[in-house]
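Residue numbers (the numbering used here): 33 to 131.
All residues carry an ideal CB built from backbone N, CA and C; glycine is no exception.
In structure tokens, the structure reads:
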């Protein structure tokens, strides 16, 4: 089975509770990017993304391991969920961006 539909969720303080959605569809793959104001808002919409056909969900580092576990529980492990992580070589740069 080929990947034809996936979603990436990221945290954005200015996003709406229902998520700010951008879709890129090139006819071969549908990519859905969703900005959410916080982890709980992201968790709340993940089941609908899977119901709409997402075969894979990726999460920004802001979700962390606890948020990732909440997403997996919310979607009942129906599709794979990955999360971005930064190695120690990037910690100072990430801190500078978000502090």
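### Query
How would you call residue 78, buried or exposed, if buried means at least 16 neighbouring beta carbons within 10 angstroms?
Residue 78 counts as buried, since no fewer than 16 other beta carbons sit within 10 angstroms of its beta carbon.
### Task
Determine the direct distance from the alpha carbon of residue 110 to that of residue 35, and round the result to whole angstroms.
For residue 35 and residue 110, the gap between their C-alpha atoms comes out near 15 Å.
### Task
Could you tell me the boundaries of the beta strand (DSSP E) in which residue 37 lies?
Taken as a continuous stretch (DSSP letters only), the beta strand (DSSP E) holding residue 37 covers 37 to 43.
### Message
Can you give me the C-alpha to C-alpha distance between residue 76 and residue 85, rounded to a whole angstrom?
### Response
Distance between the alpha carbons of residue 76 and residue 85: 16 Å.
### Message
Considering only their Cβ atoms, is the gap separating residue 104 from residue 39 smaller than 8 Å?
### Response
Between residue 39 and residue 104, the C-beta spacing is not below 8 Å.
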